[in-house]
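To keep things clear, I will list the structure first and then write my remarks on it.
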Amino acid sequence: MDSFEDIFDSSLKLEETHYQEGYKEGYTHGIETGRQEARQVGLKTGFETGEELGFYKGCVDVWNSAIRIDPTRFSARVQKGIKQMEELIGKYPVTDPENESVHEIMDALRLKFRVIRAALGVKLEYDGYPKPKDIEF
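Using the numbering used here, the letters of the sequence shown map in sequence onto residues 1215 to 1351.
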């Protein structure tokens, strides 16, 4: 009787065997696809963050140039804000994106930028990289 059960055992477990094989293939494929997608998202996010940091750095550099030419051009309060922005940019952990302070620093930079912009009375704004829907053909 045992040999009879052994003959049909593989047939009865066929569905389970195919299920397990499919699961293993799907899991392996999912890991590889996930890595590729994570890399793309990481590159996109890194680019966007770098672009925003570069924008703020450019603004700080222009404002500092104006201060060097005419030290009385901006109020002491505005000059202090520009210096604080410069310090925040220097503190940003560019090589350590998983650092918990990245969001705090970026939020502080955005706030300082808005305060300085308001104090100067300029309509300067960081719009970010144009999204595909924003591009007109």
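All C-beta atoms, glycine included, are put in the ideal place defined by N, C-alpha and C.
Keep in mind it's a predicted model, so treat the numbers as computed, not measured.
If you draw a straight line from the C-alpha of residue i to the C-alpha of residue j, how long is it?
i     : j     : result
T1164 : A1333 : Given a span of 1215 to 1351 for the chain in the structure shown, any question on residue 1164 remains unanswerable.
V1316 : E1339 : 21 Å
L1323 : Q1250 : 31 Å
V1308 : W1277 : 23 Å
I1245 : A1252 : 10 Å
Q1298 : A1290 : 12 Å
For residue i, name the three-state secondary structure that DSSP assigns.
i     : result
V1308 : coil
N1313 : coil
A1332 : helix
S1236 : Note on identity: in this sequence residue 1236 is Gly, with Ser being the wrong assignment. It is helical.
E1339 : coil
K1227 : coil
Complete alpha helix (DSSP H) runs within the stretch 1239-1299 (minimum length 4 residues, chain order): Fully enclosed alpha helix (DSSP H) runs of 4 or longer: not present.
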